[in-house]
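*Asks:*
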Amino acid sequence: MNKVKSILLLVLSVFSMCVKGETKDGHEYVDLGLPSGLKWATMNIGATKPEEYGKYFAWGEVKVKNSYDKTNSITYSTSANDKNVDKLKSVAIIGESGNLTAKYDAATVNWSENWRMPTKAEFEELRENCTWVWSTINGVVGYKVESKKTGNNNWIFLPATGYYNGSLNDSKGNLGLYWSSTIYDNLSYYAYGLNFNPKSGITAEYDRYYGRTIRPVVK
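If you count by my numbering, then the sequence shown holds residues 4 to 222, one letter each, in order.
#1: Measure how close the beta-carbons of W114 and D28 come, nearest whole angstrom, since I'm counting them as under 8 angstroms.
#2: Select from L37, Y56, G24 the residue whose C-alpha is nearest the C-alpha of T164.
#3: Taking the continuous beta strand (DSSP E) assigned at K42, which residues delimit it?
#4: Quick check on A163: does DSSP put it in helix, strand or coil?
#5: Can you tell me which of L178, S191, A44 puts its alpha carbon nearest to the alpha carbon of K86?
#6: Does DSSP classify V221 as helix, strand or coil?
#7: Counting pairs of Cβ atoms below 8 angstroms between the stretch 198-217 and the stretch 180-188, do you hit three or more?
#8: Run through the DSSP bridge pairs and tell me what S39 is partnered with.
#9: For G214 versus V67, is the C-beta distance shorter than 9 angstroms?
#10: Starting from N198, trace the beta strand (DSSP E) both ways and give me its first and last residue.
#11: Would you mind working out which of W158, G204, T78, K52 sits nearest E2, comparing C-alpha positions?
#12: Do V220 and Y32 count as a contact pair if the criterion is CB distance below 9 angstroms?
#13: Quick check: what's the CA-CA separation for G49 versus Y166?
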């Protein structure tokens with residue numbers, strides 16, 4: 004029994020060391036040794052610990068809502084001539100890069116000007132330069148994302164948060180769905196996000212009115 008307790012304490016100690024990082028404006032981050040030097044927050048917006056889901060946002064919106072649908076989205080439209088890429092640029096929701104501007108970035112508005120939402124390319128950098136292990140932490144499933152860089156033992160945990168369509172949280176505990184700041188430029192109503200399940204993870208385009216979680220980044 005003492006041996007089992009010792010092993011358990013060691014595991015808890017390792018977990019604590021791995022998620023413990025630096026702070027910026029009161030929010031914790033870790034350095035995963037990524038080529039860009041980008042640092043990732045240890046928890047989602049609205050969470051108080053890594054395994055909490057946190058708050059859900061429609062793409063380009065900075066406040067939570069009771070329901071997430073097409074009619075109350077500020078950026079969604081199925082019309083090719085309304086709220087398309089050029090329209091979103093003209094009203095400064097996105098910049099020339101195709102990413103959200105600070106006013107419409109939930110990480111910047113809810114945390115500080117030093118924080119922002121990751122881009123599609125930055126999610127792909129995270130996927131390519133880390134090892135993703137489906138794990139359970141305090142009863143919550145998701146991916147433990149571990150640095151591949153030699154000598155870097157840091158990691159973050161991305162819980163399987165599901166998403167909101169209307170007032171229903173769908174796929175909680177089965178899928179992880181996180182917004183990027185990047186518009187999808189082939190259709191007027193999509194933006195890119197990270198989507199994962201226990202078997203795989205991809206970046207793909209999704210309807211912008213869905214409520215999804217956000218994991219901020221900092222330089």
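For every residue, glycine included, the Cβ atom is placed at its ideal position computed from N, Cα and C.
No experiment lies behind these values; they were computed from the predicted model shown.
*Replies:* In brief:
#1: 6 angstroms
#2: Y56
#3: 42-44
#4: coil
#5: Considering only alpha carbons, the answer is S191.
#6: strand
#7: yes
#8: Partner(s): none; S39 has no beta bridge.
#9: yes
#10: Counted as a single uninterrupted DSSP element, the beta strand (DSSP E) harbouring N198 occupies residues 193-199.
#11: Because the chain in this structure spans residues 4 to 222, residue 2 falls outside the shown range and cannot be described.
#12: yes
#13: Roughly 15 angstroms separates the two Cα atoms.
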